[in-house]
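Read the structure below first, then the notes.
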Amino acid sequence: MFNSWCGILSMVNSLKSKGIDLLSLCSQKLGNGFSIRFWDDVWCGNLPLKVLFPRVHLLDIDKGCKVANRISTNDWNSFLRRPVRGGIEASQLSSLQDLIRDVVLSDRCDSWTWIPDISKGFSVASVRYLIDARFLDVSSTATRWIRDIPIKANIFLKKEERSFNILFCFLINE
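Just so we're on the same page, the working numbering is the position in the sequence shown counted from 1, plus 14.
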């Protein structure tokens, strides 16, 4: 089981280094708020709340708290190391309270949403399509197989044609 996850994470990191960040294509959907971290996860807007409200984040006693722990309170002073002094701290706390005031938790568990295809959800086919669109060459000429030559030779010829085109483009640019 451990090796399977290592392989998956290795592939995710490999794709990220090549420009496809699969984790950024997933977003958390708020349900009951028991598994989403209030400050660290992106659940309200496009950035974590610790980035939007850094002064309030620094004052919070429990930086690893869950959304359910913070949404249901009106008394923020009980969660802060010290009372808010005013200025930027008061401004950020007020903005934070305004932002989360209308958030309603449900009875459902928190979940993940696959951004590229929200209507159908995650599928291996949608990931394959993303990878193919990024890495496969789309040629305007159709692939023509010569039926008298074995398939392996046809594939070799196609690869050689592709290499020749790359070499030709390189020589022209020199």
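Even for Gly, the Cβ is constructed at its ideal location relative to N, Cα and C. Note that the structure is a prediction, hence the values are computed from the model and not measured.
Under 8 angstroms between C-beta atoms of Asp54 and Lys43: no
Residue from Leu72, Ser109 and Leu66 with nearest C-alpha to Pro97: Leu72
Terminal residues of the beta strand (DSSP E) in which Ser125 lies: Start and end: Ser125 to Trp128.
Of the listed residues Ser18, Arg51 and Val56, nearest to Cys40 (C-alpha basis): Val56
Any 3 or more C-beta pairs closer than 8 angstroms across the segment 135-148 and the segment 112-121: Touching, no, given that fewer than three Cβ pairs across the two stretches are closer than 8 angstroms.
Bridge-paired residues (DSSP) for Lys80: For Lys80, which the question treats as bridged, DSSP gives the partners Arg51.
Distance between Asp151 and Gly78 (C-alpha atoms, nearest Å): The straight-line gap from Cα to Cα measures roughly 45 angstroms.
Integer-rounded CB distance, given that Phe67 should sit under 8 angstroms from Gln106: 4 angstroms
C-alpha gap between Lys80 and Pro62, whole angstroms: 13 angstroms
Assigned secondary structure, Trp30 (DSSP; H/G/I helix, E/B strand, else coil): Inspection of the sequence shows that residue 30 is occupied by Lys rather than by Trp. In the three-state DSSP reduction, Lys30 falls in the helix class (H, G or I).
N- and C-terminal bounds of the alpha helix (DSSP H) containing Lys64: Note, Lys64: alpha helix (DSSP H), Leu63 to Leu66.
Close-in-space but distant-in-sequence residues of the same chain around Asp74 (CB under 8 angstroms, 5 per side omitted): The residues are Trp53, Phe93, Leu94 and Arg95.
Environment of Ile50 [buried if 16+ CB atoms lie within 10 Å]: buried
For Gly47 and Asn83, the rounded distance between their alpha carbons: 8 angstroms
Spatial distance of Val26 from Arg148 (CA atoms): Between Val26 and Arg148, the C-alpha separation is close to 15 angstroms.
First through last residue of the alpha helix (DSSP H) which encompasses Ser140: Val138 to Phe149
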